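This report refers to the structure that appears directly beneath it.
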């Protein structure tokens, strides 16, 4: 057994059976080994950012990591932006980067570069596999590191000769480290804060956004008068009819400040105290009110579900009793196709059990509201702010959930970073409906340009303008083999979205909408 | 004057008047400042790899750097692969990476990451601008560092508040450091080696591939019996009818070894001793014959043109007397469209003064031969092995040479990494003719799979196969507003290529060809 075979067999033994890849010459033995391990499913991407974002989306939905396979430093670079998003999402990813043979590195060949410097940006765990008989145990360690807790991007660098040499040994999976259990005293201390009657905000994020945890959080809020909020861009939130609805902290600092106004206590559950996404001249970066005390019930490595249940129990609050979101859908809209009517249509049509990969940005502003009462579904957000996440995450979510419909709510500018995702959706036959909100603008930047107080003339505006030429997403989708249509009215969009949602495999609806900015 | 204005004015004063950009919120004051400095031309890219590759292509042709503008760590990550190629090309690039405001970094906001770890992969010079009144001098230092010699990617990190604050000061350009002058003794020593009569190879690369230097190199070879070779993937080589023709070291190590066989001396002129691009089991990485002595006439920081002229003079060799490439074009081909007939057609039609950005890979194998006797032109190669370079480099070359026709000879797999280049070509009205060699395969990997000795089954082959679905590059081009046609016979290709070359602005010819592998 060579190193590559031992590696892949170990991954499978550890429950990692999907690898999103864009390999090159140094990874050829890994690729060849796929045929010797039938349990491993290789998914080809035409660009590494698709592979890394797909691994993120996969783990968000499967609650176990996928692997990537990237080609040396440049391949890792191409995958970096979505690994950054995964790092912020605290998603477990087994990030495999091929390298030159150990003895070849001294020659500074064409593709030689310092892989570790790049990997450090996204990975606290970096293992350089140095011996073929240890590559199996390196893989087991990498999987364990990926699980954390918290989940993380763990990078395994795989030199070509370690991969091709004989003598590989399959390693035994390591039990993932347990999440931190919150002690009674810590729970009691937070309970006392909430019982004090002083204005408090309970802020949930990360692993605390699943339905059961949200129900406990709501019960706690109901019992104590605390305000319940969710972080702005949760990794995955379970929501919809019959579940507990929760407001998210606003993206715009001005609104976030209003949401937190008057709070004397901020209780964090796998969330960070809110800060502004960017700095703005003469505006605050830190958004909690002056004098607000920060308390942490559960950090990212802790068992937040347990902590919330314990806190609810201490407070005598019962999740079963909390009010749930009523089933309610918007009417199918008519007339102009706008960000508002587009989102209403999505709310009217979103299927039960859907997974929404949300990178709608400004055009998606009304989506959360319009889908609040839709049948139960999952919502995946842009966790790290590096646009180009939405389509790859949809690929991974659909690969993890073959029986569910995935909706990629995508904006035009963001789509263009990783549009190659469509090809992988088609090749894999993934049930992904992409909605392209095409306002022909980096609209969020037009908004930000004003907010940062910059005086913009025509040259600056041109840098945010996606006309000249207009992007034709129907043609682009056809170029990658996907059925696609374009809607310019609400009625057209209703029809096209309904058809796309009912069509097996991937398809695209391009919605031409005015910018809301 | 704010920091951004001082920065841009300093860049212009230093001769840097083009900035390829994909900005975000933290770069908005830089973008706004464009309107206050009419001399600076901002070129928008939809993906950072287009911006960095374009800066590379620009500098290869303009012999002066362009700037990039990238959005924090993830934007730099997206641009990394083509910065890697530029690093290997020793191209000067002023690589500007926006960052959060200095006081905002402590909050670990969504887009916060360690920019420097990523930049270290491609930049030996990294300057973190810390004061608004020094950002001008930081820029002047960065431009000087980019020039080297040798040319390099020099990175300037620009925090948002440094950019937006008042108090910027335009700095005086610094004179670039001179290239190293090769002393008489060093020239004489090499001359004596070549006079010895022992078999020698004169290997030129980098800055030594311009027409005048190649003529001196040929004169030296003629006078001494040395064999003249050029590195495999030169940054820019001037070639064609009336110029000195030179064979390049073969990509395949087996052939390269044959080219170097018997050499007792290898004389390097801004080139490295050849090594295999990848390691292969039981094959040599170091390609020079055992016992071959390596001599360096000029390193990458030296004045190779001067060194070659001095060496020729010492040997009494006259560039004026050397034989030049005859004007000769292939016949327009007929019949099947193949890698061979495609290249013949290119040779028959390549316009005088063209710039060829060559990422044809396996399908482009016959291009150098077929164009050897075409009218004088420049040839730009894939310097760092990170595919996805060809189209961005074509963007930059065309932006630098508005009066010349650029031909992007591109393969299907490589094109898909940075296809967004087409949109920028269209927006800027660049005279780029893209030839897509569509063999529906990562053909080079099919070849490499065999060469590394991997036994590949159907799962492995599927990872190298770009069918399922077939890419339709005509539709993809239309999606970005470019005229495009598809050729399936040599006659169709002849007609379509001739028309595309005569069409102002960008256009695309998709050539459906069988894989040569």
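Chains as they are written, first to last, in this note's numbering: chain A, 2 to 518; chain B, 2 to 518. C-beta: ideal position from N, C-alpha, C; glycine also. Remember, predicted model here, so these are calculated numbers, not experimental data.
Annotation: residue 249 of chain B to residue 38 of chain A spans about 41 Å, alpha carbon to alpha carbon. Here residue 225 of chain A is near residue 201 of chain A, since their CB atoms are less than 8 Å apart. Residue 362 of chain B is outside the set of residues whose beta carbon lies under 8 Å from a beta carbon in chain A.
Bounds of the beta strand (DSSP E) holding residue 157 of chain A are 154-160.
Annotation: Cβ neighbours of residue 162 of chain A in chain B (cutoff 9 Å, chain order): 280 and 282.
In this structure, the beta-carbon distance from residue 205 of chain A to residue 214 of chain A falls below 8 Å. Residue 179 of chain A counts as exposed, since fewer than 16 other C-beta atoms from the protein chains shown sit within 10 angstroms of its C-beta.
Between residue 178 of chain A and chain B, the shortest Cβ-Cβ separation is not below 8 Å. Across the set A:469, A:414 and A:422, the C-alpha of A:414 shows the shortest separation from the C-alpha of residue 443 of chain A. Taking 8 Å as the CB threshold, residue 58 of chain B stays off the interface with chain A. Residue-level contact by beta carbon holds for residue 89 of chain B and chain A, with a gap shorter than 8 Å. Rounded to the nearest angstrom, the gap between the Cα atoms of residue 314 of chain A and residue 267 of chain A is 20 Å.
Residue 218 of chain A has its alpha-carbon roughly 12 Å from the corresponding atom of residue 325 of chain A. Note that the stretch 358-369 of chain A touches the stretch 337-346 of chain A; at least 3 beta-carbon pairs, one per stretch, sit closer than 8 Å. Taking a Cβ-Cβ cut-off of 7 Å, residue 129 of chain B has no neighbours in chain A, whose nearest Cβ is about 16 Å from it.
Residue 62 of chain A has a beta carbon lying at 8 Å or more from every beta carbon in chain B.
Judged by DSSP in its simplified three-state form, residue 453 of chain A adopts coil rather than helix or strand.
Exclusion of the five residues before and after residue 140 of chain B leaves 8, 11 and 12 as the residues of its chain whose Cβ lies within less than 6 Å of its Cβ. The Cβ atoms of residue 211 of chain B and residue 239 of chain B lie closer than 8 Å to each other. When only Cα atoms are considered, residue 44 of chain B and residue 507 of chain B end up about 16 Å apart. Distance from the Cα of residue 312 of chain B is smallest, within the candidate group B:362, B:374, B:185 and B:355, for B:185.
Around the CB of residue 468 of chain A, fewer than 16 other CB atoms lie within 10 Å, so the residue is classed as exposed. A check of alpha carbon separations from residue 331 of chain B across B:346, B:426 and B:318 identifies B:346 as the nearest. Secondary structure note for residue 250 of chain A: it is in no beta strand (DSSP E), with a DSSP letter that is neither H nor E. Look at residue 417 of chain A here: in three-state DSSP terms it is coil, with no helix or strand label. Taking 8 Å as the CB threshold, residue 256 of chain B stays off the interface with chain A. When rounded, the separation of the alpha-carbon atoms in residue 163 of chain A and residue 32 of chain B is 47 Å. Scanning the stretch 8-62 of chain A from its first residue to its last, the whole beta strand (DSSP E) runs of 3-plus residues come out as 19-22 and 42-45.
Against residue 391 of chain B, chain A offers no close residue; the least beta-carbon distance is about 14 Å (beta-carbon pairs closer than 8 Å). In the three-state reduction of the DSSP assignment, residue 309 of chain B falls in the helix class, which pools H, G and I. When the alpha-carbon of residue 133 of chain A is set against those of A:195, A:223, A:437 and A:171, the nearest one is in A:171.
Remark: C-beta atoms of residue 147 of chain B and residue 66 of chain B approach each other more closely than 8 Å.
Given a length threshold of 3 residues, each whole run of the beta strand (DSSP E) inside the stretch 254-323 of chain A is given here in chain order: 266-270 and 294-299.
Look at residue 94 of chain A here: in three-state DSSP terms it is strand. Neighbourhood of residue 137 of chain B in chain A, by CB distance below 7 Å: empty, with the nearest CB roughly 19 Å away. Around the beta-carbon of residue 294 of chain A, fewer than 16 other beta-carbon atoms lie within 10 Å, marking it exposed.
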